[in-house]
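As structure tokens, the structure follows; a few thoughts come after it.
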Amino acid sequence: MPIRVYSTLTRQKEEFQTVEPGKVSMYLCGPTVYKPAHIGHMVGPVIFDTIKRYLAYSGYQVTWVVNITDVDDKLIVKANELGTTVEALARKMTEDYLDNLRTLGVDGIDHMPYATQYIQEMQEIIAGLIEKGFAYPLDGDVYFECTKDADYGKLSGRNLTEMLAGTRAETRDGKHNPADFALWKGSKPGEPAWDSPWGPGRPGWHIECSAMARKLLGDTIDIHGGGLDLMFPHHENELAQSESCTGKPFARYWLHNGLLRKSGAGGKIGGDHSRHGDVAASQTADILAEKQAQEEQKLAGSKGAESVKSAVFAKFDPETVRFFLLATHYRSPVDFGDDRLAETAKSIDGFYRLIESFGRATGKDFYSLTVPATRAESNRVWAASASERLSYENELTALRTRFLDAMDDDFNTGAATAALFDLRKTLNSFITDQKLEADGKSNIAAQSALHRGVSLFKELSNILGVFRKPLEKKSTGGGDDEFVNSLMQLLISLRAEARKTKQFEIADNVRKGLTELKVTLEDRPEGTLWRREA
RNA sequence: GGGGCCGUAGCCAAGUGGCUAAGGCAACGGAUUGCAAAUCCGUCAUCGUGGGUUCAACUCCCACCGGCCCCUCCA
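Numbering (the numbering used here), first residue to last: 12 to 545.
In structure tokens, the structure reads:
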């Protein structure tokens with residue numbers, strides 16, 4: 012099955028075909044680094060990281076660029092406010108951003124260009140646009156003239172004239188058209204500035220992406236990604252500039268991820284929605300208050316949401332967060348909140364149980380298993396198994412196909428995770444049926460069959476970038492220091508004796524006491540296991 | 001006012017013009033257990049409402065109701 016992707020440009024799924032066979036160029040709009048990253052900033056990176064993993068798994072050589080915008084009005088304002096320089100602020104916030112990416116396992120980014128290092132390239136594009144008549148200088152600024160671009164608005168489905176009719180966009184004196192946007196902004200004294208043919212200034216918001224994408228990936232890139240909120244005006248303008256400049260398609264596929272919403276806390280916003288047109292003057296205040304509330308509900312509001320570290324990672328393991336983000340379709344909006352993450356944490360708990368169980372059954376460490384890194388390699392492994400007629404093997408094969416089919420279909424990670432849950436069930440059943448944790452331990456054939464199945468689980472998990480390491484906040488027997496471990500063994504053996512002599516009250520009191528300390532005991536035929544809950 | 005998205009069980013959520021509508025959480029029943037835990041099995045949806053197209057729609061079209069996003073800095 013070929014890979015199919017949904018492109019915003021055509022509003023439908025298309026068969027994925029790259030400019031250059033076997034290679035993929037991918038550009039994701041990164042952050043403007045003027046404040047600490049919030050969880051919403053992580054959605055795109057996690058999703059596109061997963062997309063890159065899957066494309067690489069599928070045999071493509073992928074080059075992924077995420078830019079850092081380190082010059083911008085917001086940056087200037089914030090730096091002044093904090094009494095620091097734009098440069099220092101940008102550096103600090105970039106570190107914060109990178110730190111969060113690392114935590115979430117986003118490690119597939121190949122280039123992270125800084126806007127300020129591509130001023131030259133931006134100026135070349137601007138000069139080219141002026142020359143071709145798509146742009147005009149105006150008192151130290153340069154504007155892109157939207158009406159000169161015949162298909163302006165094609166990405167976001169807007170019609171220029173209708174757009175202008177509805178909006179009350181402020182028109183700067185001299186702009187040919189209210190929709191014209193700045194390619195270059197003349198600077199006031201004290202602001203960061205670069206020399207240019209149009210006077211000292213700084214780049215407009217959109218031009219950086221056009222310049223960096225072109226420089227690093229070429230005139231036509233395969234995948235351009237970003238949050239849905241960037242579709243207009245940012246991507247629309249980027250596209251207009253780039254295509255007007257090069258005369259070639261800017262991106263083959265435009266992928267937009269849905270935005271996060273804050274769930275829980277704020278509650279729902281008013282039930283009664285009056286139309287804006289027929290609001291009495293007295294109600295205006297209410298409307299404004301409601302607007303304000305809506306702003307706060309949005310994670311990206313100008314208020315500045317809590318940083319990821321304090322808001323999320325303090326409470327939840329990054330693996331949980333990543334799994335949560337991938338459990339729904341990347342194009343859907345998602346309610347983000349503690350309740351939801353807690354549910355995810357619970358739902359993936361069983362995977363860690365399985366991993367531990369595998370360790371006990373085979374004596375092998377899941378995290379250091381070597382598994383196929385590409386689909387081709389994996390195909391060879393699973394083609395060979397066709398001769399073995401175990402129903403277990405057939406189940407594995409079917410689940411593998413289900414997972415890969417889901418990913419082929421516009422990176423449907425939600426459906427893919429469902430296959431993972433079923434795979435978990437299959438593996439657990441196999442362990443139980445073959446008594447691999449009890450007297451079936453010596454069954455070498457069954458052990459290797461389990462090894463095979465668990466390897467598949469790891470292979471598929473790797474594609475999503477989950478279950479790459481044990482949960483940090485949990486430890487199972489052996490995970491703590493020697494002292495704790497010894498104490499636990501002592502308690503367990505004392506309790507075992509009580510149980511042997513049917514002194515269940517004592518045994519249960521021990522367990523109850525441990526439960527209060529967030530330690531859970533599992534009495535199994537082979538012995539008692541313990542683990543700490545988060 | 002203009003552009004776009006969504007509405008699937010108590011909750012989250014995938015998906016399809018026609019076989020039994022994934023998966024997770026919760027709940028309930030069962031196997032297992034001294035009791036638990038873990039694991040497994042089972043139960044739990046006429047797919048917002050009303051029309052239309054079709055042999056056939058939850059899936060396509062229209063209307064309505066409800067929710068959301070963009071049009072202003074936003075991942």
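Glycine included, C-beta positions come from ideal geometry on N, C-alpha and C.
All values derive from a computational prediction rather than experimental measurement.
Residues bridged to S36 (per DSSP): Taking the first sequence and counting its residues from 1, one reaches residue 36 at position 25. T74, per the DSSP bridge assignment.
P148 in three-state terms, based on DSSP: Walking along the first sequence from the start, residue 148 turns up at place 137. Reduced to three states, the DSSP call for P148 is strand.
Tell me which residues share the same chain as K34 and place their Cβ nearer than 6 angstroms to its Cβ, disregarding the 5 neighbours each side in the sequence. For the purposes of this step, residue 34 is taken as the residue at position 23 of the first sequence. Within the same chain, K34 has close Cβ partners Q72.
Should L518 go down as buried or exposed, given a rule of 16 or more other Cβ atoms within 10 Å for buried? For the purposes of this step, residue 518 is identified with residue 507 of the first sequence, where counting begins at 1. The question names Leu, yet the displayed sequence has Ala at residue 518. Burial call: buried.
What residue range is occupied by the uninterrupted beta strand (DSSP E) comprising Y108? Within the first sequence, the letter at position 97 stands for residue 108. First-last for Y108: V97 to T114, but that is the alpha helix (DSSP H), not the beta strand (DSSP E).
Rounded straight-line distance, which links the Cα of Y108 to that of K357: Within the first sequence, residue 357 is the residue found at index 346, counting from 1. Within the first sequence, residue 108 is the residue found at index 97, counting from 1. Whole-angstrom Cα-Cα distance: 28 angstroms.
When you compare each of V57, P214, F192 and E135 to E202 by their alpha carbons, which one comes out closest? Your numbering for residue 202 matches position 191 in the first sequence. Comparing Cα-Cα distances from E202 to each of V57, P214, F192 and E135, the minimum goes to P214.
Grab me the residues of E3's own chain with a C-beta within less than 8 angstroms of its C-beta, minus the 5 sequence neighbours each way, in chain order. Outside the modelled stretch of the chain, which goes from 12 to 545, sits residue 3, for which no answer is possible.
Within a Cβ cutoff of 6 angstroms, which residues of the same chain sit near S293, ignoring the five residues on either side of it in sequence? Working through the first sequence from its first residue, we reach residue 293 at position 282. Its pLDDT being 36, under 50, S293 is placed unreliably in this model, and the coordinates cannot settle the point.
Below 7 angstroms, is the gap between the Cβ of S321 and the nearest heavy atom of the ligand NAD? Absence of the ligand NAD is noted for the structure shown, with no ligands found whatsoever.
Below 8 angstroms between beta carbons: does that hold for L166 and H245? As a first step, residue 166 is located in the first sequence; it is residue number 155 there, counting from the start. As a first step, residue 245 is located in the first sequence; it is residue number 234 there, counting from the start. Contact: no.
With DSSP collapsed to three states, give me the class of D83. As a working mapping, residue 83 is identified with position 72 in the first sequence. Here D83 sits in coil by DSSP.
Could you give the first and the last residue of the continuous beta strand (DSSP E) run that contains P214? Counting from one through the first sequence, the residue named residue 214 turns up at place 203. Looking at the DSSP string, the run of the beta strand (DSSP E) that includes P214 is G212 to P214.
Thinking C-beta only, is G370 closer than 8 angstroms to L407? The residue you call residue 407 lines up with position 396 of the first sequence. The residue you call residue 370 lines up with position 359 of the first sequence. No, Cβ-Cβ distance for L407 and G370 is not below 8 angstroms.
As assigned by DSSP and simplified to three states, the class of W195: Walking along the first sequence from the start, residue 195 turns up at place 184. Reduced to three states, the DSSP call for W195 is strand.
Identity of the residue in L461, D416, E354 and P124 nearest I366 by Cα: Locating residue 366 in the first sequence gives position 355, where the first residue counts as 1. Nearest option by C-alpha distance: L461.
Check for me: the beta strand (DSSP E) holding D534 runs from which residue to which? Counting from one through the first sequence, the residue named residue 534 turns up at place 523. Unbroken beta strand (DSSP E) run through D534: V530 to R535.
Where does the unbroken beta strand (DSSP E) through Y264 begin, and where does it stop? The residue you call residue 264 lines up with position 253 of the first sequence. Residues A262 to N268.
Taking the continuous alpha helix (DSSP H) assigned at D444, which residues delimit it? Mapped onto the first sequence, residue 444 falls at position 433. Residues T424 to D444.
Are the beta-carbon atoms of C40 and G164 separated by less than 8 angstroms? Residue 40 sits at position 29 when you count from the first residue of the first sequence. Residue 164 sits at position 153 when you count from the first residue of the first sequence. Contact: no.
What three-state label does DSSP hand D419 in the structure shown? Taking the first residue of the first sequence as 1, we reach residue 419 at position 408. In the structure shown, D419 sits in a helix (DSSP, three-state: H, G or I).
Pull the bridge partners of S18 from the DSSP assignment, please. Here residue 18 is taken as the residue at index 7 of the first sequence, counted from 1. DSSP, once it has assigned bridges, lists Q23 as partnering S18.
Starting from W541, trace the beta strand (DSSP E) in both directions and tell me its first and last residue. As a working note, residue 541 is residue 530 in the first sequence. Unbroken beta strand (DSSP E) run through W541: G538 to R543.
Nearest to I232 by CA position, among F327, M242, E254 and S207, is which residue? Position 221 of the first sequence holds residue 232. Residue E254 is the option with its Cα nearest to I232.
Using a threshold of 8 angstroms, state whether the C-beta atoms of P329 and G116 are closer than that. Start at 1 with the first residue of the first sequence, and residue 329 comes out as number 318. Start at 1 with the first residue of the first sequence, and residue 116 comes out as number 105. Yes.
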